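Note that the protein sequences, when read in sequence, are chains R and D. So that you can map any letter, position 269 of the first sequence is 269 in my numbering, and since no number is skipped, the others follow by simple counting. So that you can map any letter, position 4 of the second sequence is 4 in my numbering, and since no number is skipped, the others follow by simple counting. Note that the Cβ used here is the ideal one computed from N, Cα and C, for glycine as well. For clarity, every value in this text was computed on a predicted model and none was experimentally measured. Read the structure below first, then the notes.
Protein chains: 2
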Amino acid sequence: MQLTDLETPALLLDRTRLDRNLARMHEHLTQLGVTLRPHVKTAKSMDVVRRALAGQPGGITVSTLKEAEHFFSNRVTDILYAVAIAPNKLDHVADLRARGADITVILDSVAGADALAAKGESLATEFPALIEIDCDGHRSGVKPGDSALVDIGARLHDRRGARLKGVMTHAGDSYNCRSVDAIRAMAERERTAVVRCAGDLARAGLPCEVVSVGSTPTATYAECMDGVTEVRAGVYMFFDLVMAGIGVCTLDDIALSVLTSVIGHQPDRNWVLTDSGWMALSRDRGTAKQPVDQGYGVVCDLGGRPIEDLIVVDTSQEHGIIAKRNGGSVDCSRFPIGTLLRILPNHACATAAQHMQYHVIAGESHVEAVWPRFSGW
Amino acid sequence: MQLTDLETPALLLDRTRLDRNLARMHEHLTQLGVTLRPHVKTAKSMDVVRRALAGQPGGITVSTLKEAEHFFSNRVTDILYAVAIAPNKLDHVADLRARGADITVILDSVAGADALAAKGESLATEFPALIEIDCDGHRSGVKPGDSALVDIGARLHDRRGARLKGVMTHAGDSYNCRSVDAIRAMAERERTAVVRCAGDLARAGLPCEVVSVGSTPTATYAECMDGVTEVRAGVYMFFDLVMAGIGVCTLDDIALSVLTSVIGHQPDRNWVLTDSGWMALSRDRGTAKQPVDQGYGVVCDLGGRPIEDLIVVDTSQEHGIIAKRNGGSVDCSRFPIGTLLRILPNHACATAAQHMQYHVIAGESHVEAVWPRFSGW
């Protein structure tokens with residue numbers, strides 16, 4: 001099958017770039033002496049994750065129990081569910097555990113620990129848990145130095161329904177860094193936050209077998225992983241314009257794109273209309289706050305080469321409007337109706353989520369496979 | 001099943017509100033003497049669309065050929081595919097037509113008309129088509145008064161591979177109106193644009209059986225449909241915060257919400273953390289440019305009543321951050337871990353698209369049905 005045989009919009013995955021991105025991350029983390037627990041929330045595809053797990057211990061990170069179910073059905077058993085556990089999900093977690101999935105949950109409060117332990121006791125099971133640490137004020141977690149850490153740890157350790165496995169953090173604020181130096185500093189802040197907390201637990205006589213960090217920017221540029229037992233990352237597999245905008249990759253590393261057809265023109269406005277709107281590209285505008293705003297995505301030719309200054313400036317549900325980044329004239333006759341273009345996404349997780357499969361390409365035009373992916377909860 | 005039995009996040013559809021919204025639109029259009037061709041791009045569910053078709057002629061509007069396939073498999077045959085047709089979709093359209101689906105396509109250029117007719121001739125079939133009219137400079141279409149209209153019409157009429165059925169327009173810019181008067185004026189502009197173009201075709205001796213308009217704001221407030229044969233609208237079934245923000249509905253009309261669990265707190269920041277991030281709510285920030293910015297959605301209690309000034313101020317993939325609209329203190333103890341909340345969406349089309357089913361509620365807590373929906377192309 002060729003790209004020209006596909007109905008548009010269609011999600012393309014460049015396997016050559018994927019493999020290169022995976023190899024680069026593996027090599028970097030191997031040099032730092034730490035293993036990778038890939039976050040599957042970006043790919044949601046066993047075909048992709050199987051490649052990401054090559055040479056790694058085999059554990060994954062998930063953001064939904066549907067991901068846990070899917071990858072467990074594909075014989076992945078070591079699963080970290082990295083969103084603070086809601087009580088209404090515990091029966092499901094217990095059921096997965098009873099079927100053989102070794103799922104660990106996370107939480108960041110005494111109340112959460114009590115609820116977990118109580119549920120474990122009522123089900124006569126034991127939920128392994130990590131304590132989430134807030135390394136950067138970005139979202140959730142216990143702040144390093146907060147006495148709640150040991151309170152939570154003691155509850156998880158002491159009660160029969162739970163088991164304290166360790167600590168984890170996510171430097172989500174690394175997405176707002178503007179230089180490699182800033183990302184390096186964030187990586188060190190991420191590491192020291194969990195290593196300090198692991199020490200606090202140890203000093204309190206509590207176990208801390210797992211010390212887990214992760215974000216694609218910090219994993220890419222970290223220079224030291226002393227005291228860390230594993231790294232979580234997901235978007236590094238595909239990369240995207242947000243990552244390119246903070247210097248974590250180049251446009252040539254972005255493995256994901258949306259194949260798009262030209263369906264019309266408004267020459268007086270220098271607009272080229274396409275059939276890829278926000279449903280195909282996602283509503284993500286993650287580059288809006290970056291120095292270079294990429295609109296809803298960078299426009300490339302069929303071979304994946306960016307076309308000078310053309311971006312998707314606006315979208316509706318199934319329409320995209322392509323124009324020059326800073327206005328300026330577009331020769332619409334270069335893009336006759338039916339022209340195929342490829343759009344690089346702002347945010348790989350969001351764009352991939354809009355599609356049901358990857359059309360896998362290796363060269364410029366041949367589709368060598370179709371890999372299913374899934375969505376929902 | 002009760003709401004408290006669901007795993008979160010889960011998409012809820014209030015059937016009472018849905019039925020009221022459907023009845024109101026039907027009544028209004030009946031008074032104006034025009035029929036409704038519901039746009040199924042919002043609901044993507046036969047269970048919803050069956051209700052929307054009650055008392056109407058039975059035709060639908062689609063935004064993807066997957067919608068066409070799905071509803072045709074549910075015995076809907078009169079289908080308008082309302083995105084300018086891309087050449088790579090014509091084999092699929094021809095195949096649907098050969099199987100009995102009466103699909104009409106749209107286009108807005110001479111080149112598009114030529115491509116359509118040539119393909120029809122090569123397949124020994126005839127593609128019915130409407131000419132898209134640009135009534136508001138919002139996106140695509142031929143401007144009223146542009147001589148291209150008759151050129152396109154003549155090609156569709158004269159060539160064997162195509163058939164000219166009429167004209168259509170979409171007042172997309174009505175989403176940017178800020179008053180009911182402005183919407184009424186936009187509705188009249190939408191109507192006069194297509195009626196004028198229908199007249200131009202007739203004066204050129206060309207047929208124009210269909211004169212189609214549509215957007216939820218203009219359909220809601222239009223006062224005259226003279227010369228119009230049908231109205232298209234979709235979001236009126238569910239409504240959303242964008243529609244409420246321009247005065248097309250109230251918060252009490254919004255039939256869609258996302259059931260959400262509290263998973264943590266950051267009391268020093270007055271944040272309540274939930275398990276509904278942009279994956280569950282969508283990345284749509286359609287209220288950002290409105291007088292009242294609703295963040296990623298308005299927070300309601302389990303009964304669907306908005307909680308004073310609480311909105312989702314930020315999201316990551318599977319996390320939402322609830323806070324006061326204008327900062328200010330939140331008593332986190334009111335929302336213990338496990339508390340169930342409901343989030344009203346900015347944009348029903350975008351939020352529904354993130355989910356695989358509707359959990360249908362009629363009262364405050366009972367789930368009376370699960371209606372499947374679909375995504376993709």
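DSSP on Gly112 (chain R), reduced to helix/strand/coil?
helix
Margin query: I want to know whether the region 192-202 of chain D touches the region 163-170 of chain D - three or more CB-CB distances under 8 Å.
Written below: yes
Contact list for Asp284 (chain R) against chain D, beta-carbon separation under 7 Å = Arg283
Mind checking Gln2 (chain D): buried by the 16 CB within 10 Å criterion, or exposed? Within 10 angstroms of the beta-carbon of Gln2 (chain D) lie fewer than 16 other beta-carbons, which makes it exposed.
How big is the Cα-Cα spacing for Leu116 (chain D) and Tyr358 (chain R)?
Rounded to the nearest angstrom, the two C-alpha atoms are 29 Å apart.
**Item:** Closest residue to Arg178 (chain R) among R:Arg191, R:Thr218, R:Pro144 (Cα-Cα distance)
**Value:** Minimum Cα distance to Arg178 (chain R) is reached at R:Thr218.
| message | My output table needs one value for His347 (chain R): the three-state DSSP class, helix, strand or coil. | response | coil
If you measure between the beta carbons of Pro306 (chain R) and Val312 (chain R), is that distance less than 7 Å?
no
- Please report the residue range of the beta strand (DSSP E) in which Ile311 (chain R) lies. Start and end: 306-315.
- Whole alpha helix (DSSP H) elements within the region 223-261 of chain R, 4-residue minimum: List check, alpha helix (DSSP H) in window: 241-245.
With 16 as the cutoff for other CB atoms within 10 Å, does Val292 (chain D) come out buried or exposed?
exposed
Against chain D, with Cβ distances strictly below 7 Å, would His157 (chain R) count as a contact? No, His157 (chain R) lies away from the interface with chain D (no Cβ there is under 7 Å from its Cβ).
Can you find the residues in the same chain that come closer than 8 Å, C-beta to C-beta, to Gly304 (chain R), ignoring five residues on each side of it along the sequence? Asp14, Ser257, Arg342, Glu364
Identify, in the order they occur along the chain, each residue of the same chain with its Cβ nearer than 6 Å to the Cβ of Ala10 (chain R), setting aside the five sequence neighbours on each side. Leu259, His359
- Query: With which residues is Thr339 (chain D) paired in a DSSP beta bridge?
  - Reply: Per DSSP, none; premise fails for Thr339 (chain D).
Task: N-terminal and C-terminal residue of the beta strand (DSSP E) that Pro128 (chain R) is part of - done: Start and end: 127-133.
| task | Specify whether the region 149-157 of chain D and the region 185-196 of chain D touch according to this definition: at least 3 beta carbon pairs, one from each stretch, less than 8 Å apart. | result | no
Touch test, the region 326-338 of chain R against the region 277-288 of chain R, Cβ-Cβ under 8 Å, three pairs minimum:
Not touching, per the Cβ criterion.
Own chain residues within Cβ distance below 7 Å of His366 (chain D), not counting five before or after
Gln2
Legend entry - Neighbour flag for Thr169 (chain D) against chain R, beta carbons, 7 Å: no
### Task
Under 8 Å between beta-carbons, which chain R residues line up against Glu318 (chain D)? List them in chain order, please.
Lys41, Ser63, Thr64, Val83
Looking at the structure shown, is Ala10 (chain D) part of a helix, part of a strand, or coil, going by DSSP? strand
Can you pull the chain R neighbours of Thr216 (chain D), defined as C-beta to C-beta under 9 Å?
The premise fails here: Thr216 (chain D) is roughly 13 Å from chain R at the closest Cβ pair, so nothing lies under 9 Å.
- Message: Am I right that Ala162 (chain R) and Ser261 (chain D) are in contact with their C-beta atoms under 8 Å? What's the rounded C-beta distance?
- Response: Wrong, their Cβ atoms sit about 19 Å apart, outside the cutoff.
Item to check | Whole-number beta carbon distance between Thr4 (chain R) and Ser276 (chain R), since they are thought to touch under 8 Å | outcome: Their Cβ separation, rounded to whole angstroms, is 16 Å, which puts Ser276 (chain R) and Thr4 (chain R) out of contact at 8 Å.
If you pair each beta-carbon of the region 18-38 of chain R with each one of the region 225-238 of chain R, do three or more pairs fall below 8 Å? By the Cβ rule, the region 18-38 of chain R counts as touching the region 225-238 of chain R, because three or more pairs are nearer than 8 Å.
Check your understanding: In its own chain, which residues sit with a C-beta less than 6 Å from the C-beta of Pro128 (chain R), not counting the 5 before and 5 after it?
Key -> Thr104, Arg163, Lys165
ask   = Which residue or residues does DSSP assign as beta-bridge partners of Pro372 (chain D)?
value = Note: Pro372 (chain D) sits in a beta bridge opposite D:Gln357.
- prompt: DSSP on Gly205 (chain D), reduced to helix/strand/coil?
  reply: Correct three-state label for Gly205 (chain D): coil.
| request: Closer than 8 Å by beta-carbon distance: list the chain R residues that pair up with Pro207 (chain D), in chain order. | output: Under the 8 Å cutoff, chain R gives no residues; its nearest Cβ is about 23 Å from Pro207 (chain D).
* What's the C-alpha gap between Leu281 (chain R) and Ala352 (chain R)? -> Spanning the two alpha carbons is a distance of roughly 8 Å.
| query | If Leu123 (chain D) sits next to Leu241 (chain D), beta carbons under 8 Å apart, how far is it from one beta carbon to the other, in whole angstroms? | reply | The pair is not a contact, with the Cβ atoms about 45 Å apart (cut-off 8 Å).
* Asked: Where do the ends of the beta strand (DSSP E) carrying Met1 (chain R) lie?
  -> Premise fails: Met1 (chain R) is in no beta strand (DSSP E) and is neither H nor E.
| request: Quick one: give me the first and last residue of the alpha helix (DSSP H) that Lys66 (chain D) is part of. | output: 65-73
Find the nearest neighbour of Asp108 (chain D) within the set R:Asp19, R:Gln354, R:Val272, R:Ala323, judged by alpha-carbon distance.
R:Val272
Would you report the Cα separation of Thr229 (chain D) and Val210 (chain D), rounded to the nearest angstrom? 6 Å
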